[in-house]
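S.K.: Following this message is one structure expressed as structure tokens.
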Amino acid sequence: LQDSGATVVVCGKDDLKAKVDGHRSVLFSELPKADALTEEAWNREIDASKPEDLATIIYTSGTTGTPKGAMIAHRGPVHMCEAVARALPIDEKEIFLSFLPMSHVYERCAGQFLPIYLGACIAYAKSLASLAGDLVSVKPTVMLCVPRFLESFQGRVAEAMEKAPPLRQKLFKLAMSQGVRKAQGKFAPLAGLLDKFVMAKLRERTGGRMRFFVSGGAALAPAVAEFYMACGLTVLQGYGLTETCGGTIVNRPRNNKYWTIGEPLETETKLAEDGELLLRGAMVMQGYWHRPEDTAAAIDPEGWFHTGDIAEWEGKSLKITDRKKDLLVLGNGKNIAPQKIENELRTSLLVTEAVVLGDGYDHCVALIVPNAERIRKELDLPEDALLSKNPEAHKLVKAEIDRINKTMANFEAVKKFALLDAPFTVEGGELTPTLKVKRKVVRDRYRDVLETLR
């Protein structure tokens with residue numbers, strides 16, 4: 018609020034007004050109704066606006082430092098909507114289910130502006146707690162989500178299968194393997210039959226009409242995408258930043274290279290000499306609000322926005338390989354991309370969240386937020402038992418880390434780890450509103466724990 022210089026804050030409830038003390042605030046109910054303006058006045062305001070006029074200031078998530086206000090012109094969201102509508106098979110008949118925060122560029126542009134542009138329907142989830150029920154009742158056809166949501170849904174299915182009778186478990190495993198083979202274009206003679214009797218029931222949990230999920234906000238592990246493919250559900254991984262109106266690159270249903278971020282959406286794209294992904298076009302912000310030095314560092318004199326992500330071409334698609342700011346440099350000089358390791362760790366049913374660190378260390382270390390409920394149940398521990406100092410809990414998680422380490426290069430292996438008793442939350446400051454980990458916050462908060470892992 019201080020940085021933006023906002024003069025009015027619109028609140029939904031009276032209790033929120035107290036949180037913006039010192040600023041003029043009004044309730045939604047106090048705002049003048051749209052019909053208070055005549056059609057002539059509306060058209061006059063619209064005609065007076067230009068594509069290059071400032072439309073909104075959206076703040077970055079602050080995963081690597083202080084949030085910065087990205088100045089988005091009207092041309093950005095409009096171009097994004099037009100490009101997406103031409104790239105994806107979507108129209109006014111779609112039903113979008115929205116649950117991500119509107120303050121984030123992803124939901125604001127792709128979850129709100131895009132459906133309005135299409136003339137489609139937006140249904141808003143009551144809360145995160147009610148999301149599972151809302152999926153069934155709303156029966157959406159398109160849903161924007163983050164990888165954590167997809168991982169959570171997959172985890173619940175896996176846990177349910179563990180409790181199922183042996184025959185049902187075998188059928189599910191066979192349906193999974195046949196489903197993946199079919200999605201990959203391989204011979205899968207039983208895929209159709211198993212899909213009808215096994216996977217169709219699972220799809221009902223998403224409402225039964227889901228055409229595709231669009232995953233963004235963080236990297237999607239290929240294994241997670243394959244799970245959904247096997248279930249007959251399409252996940253289109255995309256890419257975008259606050260500074261680029263959200264989506265600038267996305268996979269297409271007919272050419273879904275789920276291990277990549279897809280193809281550019283009518284945006285100039287090139288790779289710098291060091292492999293950094295550069296973007297230029299109408300979707301790129303005008304600059305950072307009141308931060309000319311940061312703007313000059315992000316947008317070069319030729320208008321190219323430097324994303325900070327290292328990428329490589331795979332045909333017409335792009336694959337993110339590293340994040341320049343997040344790269345770890347071990348004491349032996351090896352550069353490590355932590356997201357790849359973290360994604361693998363989160364595929365374990367025993368791990369809720371993982372942060373891999375190691376700058377200046379001789380090896381990679383990890384801070385693990387365990388699936389406390391599952392581990393306590395497996396070890397027959399009380400509901401309030403702390404796991405950080407429990408040797409048996411450490412053994413269980415270590416076995417999972419050892420398994421995952423075998424799939425990594427030796428220098429990427431997590432050699433030491435610590436279990437945390439407190440979960441990462443948005444309220445606690447460790448997560449952004451789209452559930453991305455704020456690495457700097459976590460590193461600073463658990464500095465003493467990290468010192469024990471050297």
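Position in the sequence shown (first residue = 1) + 17 = this note's numbering. Cβ atoms here follow ideal geometry from the backbone N, Cα and C, with glycine treated the same way.
Any idea if residue 469 is buried or exposed, counting beta-carbon neighbours within 10 angstroms, 16 or more meaning buried?
M.R.: With fewer than 16 other Cβ atoms from the protein chains shown falling within 10 Å of its own Cβ, residue 469 counts as exposed.
S.K.: On the criterion of 16 or more Cβ atoms from any shown chain inside 10 Å, does residue 355 qualify as buried, or is it exposed?
M.R.: buried
S.K.: In whole angstroms, what separates the C-alpha of residue 457 from that of residue 215?
M.R.: 43 angstroms
S.K.: Alpha carbon to alpha carbon, how far is residue 303 from residue 260?
M.R.: 8 angstroms
S.K.: Take residue 333 as the anchor and find which of 56, 306, 283 and 350 has the nearest alpha-carbon.
M.R.: Nearest of 56, 306, 283 and 350 to residue 333, Cα basis: 283.
S.K.: Taking buried to mean at least 16 other C-beta atoms within 10 Å of its own C-beta, is residue 57 buried or exposed?
M.R.: exposed
S.K.: Using the C-alpha atoms, what's the distance from residue 190 back to residue 429?
M.R.: The alpha-carbon separation between residue 429 and residue 190 amounts to approximately 30 angstroms.
S.K.: What residues in its chain sit with their C-beta under 7 angstroms from that of residue 120, if we drop five residues either side in the sequence?
M.R.: Cβ within range, chain order: 450.
S.K.: Alpha helix (DSSP H) containing residue 361: first to last residue?
M.R.: 355 to 362
S.K.: From 156, 405, 122 and 123, pick the residue whose C-alpha is nearest to that of residue 138; which is it?
M.R.: If we check each option's Cα against that of residue 138, 156 comes out closest.
S.K.: For the beta strand (DSSP E) that residue 387 lies in, which residues bound it at each end?
M.R.: 381 to 387
S.K.: In whole angstroms, what separates the C-alpha of residue 274 from that of residue 353?
M.R.: 24 angstroms
S.K.: Is DSSP giving residue 411 helix, strand or coil here?
M.R.: In the structure shown, the three-state DSSP call for residue 411 is helix.
S.K.: Take every Cβ of the segment 420 to 436, pair it with every Cβ of the segment 378 to 397, and state whether three or more of those distances are shorter than 8 angstroms.
M.R.: Yes, the segment 420 to 436 is in contact with the segment 378 to 397.
S.K.: Within the same chain, show all residues whose beta-carbon is closer than 6 angstroms to that of residue 122, passing over the 5 residues directly before and after it, in chain order.
M.R.: Hits under 6 angstroms: 75, 259 and 263.
S.K.: CB-CB under 7 angstroms to residue 124, same chain, minus the five flanking residues each way: which ones, in chain order?
M.R.: In the same chain as residue 124, and ignoring 5 residues on each side of it, the C-beta atoms closer than 7 angstroms to its own belong to 115, 117, 118 and 161, in chain order.
S.K.: So, under 8 angstroms CB-CB, residue 320 and residue 297 are touching, yes? Tell me the CB distance rounded to an integer number of Å.
M.R.: That pair is a contact at about 5 angstroms.
S.K.: CB residue 140 to CB residue 112, shorter than 8 angstroms?
M.R.: yes
S.K.: With distances taken from CA atoms, which of 54, 33 and 55 is nearest residue 45?
M.R.: 33
S.K.: Give a yes or no on whether the C-beta atoms belonging to residue 126 and residue 97 are separated by under 8 angstroms.
M.R.: yes
S.K.: If you follow the beta strand (DSSP E) that residue 330 is part of, which residue opens it and which one closes it?
M.R.: In this chain, the beta strand (DSSP E) harbouring residue 330 covers 322 to 331.
S.K.: In whole angstroms, what separates the C-alpha of residue 281 from that of residue 268?
M.R.: Rounded to the nearest angstrom, the gap between the Cα atoms of residue 281 and residue 268 is 9 angstroms.
S.K.: Please report the residue range of the beta strand (DSSP E) in which residue 264 lies.
M.R.: Per DSSP, residue 264 belongs to the beta strand (DSSP E) from 263 to 267.
S.K.: Taking a contact to mean a Cβ-Cβ separation below 8 angstroms, would you say residue 84 touches residue 77 in this structure?
M.R.: For residue 84 and residue 77, yes; Cβs fall inside 8 angstroms.
S.K.: Does DSSP put residue 425 in a helix, in a strand, or in coil?
M.R.: coil
S.K.: Between which two residues does the alpha helix (DSSP H) carrying residue 134 extend?
M.R.: 131 to 135
S.K.: What are the start and end residues of the alpha helix (DSSP H) that includes residue 339?
M.R.: Counting along the chain, residue 339 falls outside any alpha helix (DSSP H), though it belongs to the beta strand (DSSP E) covering 334 to 340.
S.K.: Excluding five sequence neighbours on each side, which residues of the same chain lie with their C-beta closer than 6 angstroms to the C-beta of residue 410?
M.R.: 392 and 404
S.K.: Quick one: any contact between the segment 177 to 191 and the segment 221 to 235, if contact means 3 or more CB pairs under 8 angstroms?
M.R.: no
S.K.: Measure the CB-CB distance between residue 135 and residue 99 and report whether it falls below 8 angstroms.
M.R.: no
S.K.: Report back the beta-carbon spacing between residue 340 and residue 168 to the nearest angstrom; my notes put them in contact at under 8 angstroms.
M.R.: With a Cβ gap of about 19 angstroms, residue 340 and residue 168 do not count as contacting.
S.K.: Measure from the alpha carbon of residue 459 to the alpha carbon of each residue in 79, 61, 21 and 43, then state which is nearest.
M.R.: 79
S.K.: Along the chain, which unbroken stretches of the beta strand (DSSP E) at least 3 residues long are found entirely within the segment 84 to 128?
M.R.: 86 to 90 and 112 to 115
S.K.: In the DSSP assignment, what are the bridge partners of residue 316?
M.R.: 322
S.K.: Count the other C-beta atoms from every protein chain shown that fall within 10 angstroms of the C-beta of residue 211, then say buried if there are 16 or more, exposed otherwise.
M.R.: Burial state of residue 211 is buried, judged by a 10 Å Cβ sphere holding 16 or more other Cβ atoms.
S.K.: How would you label residue 133, buried or exposed, when you count the other beta carbons within 10 angstroms and need 16 or more for buried?
M.R.: exposed
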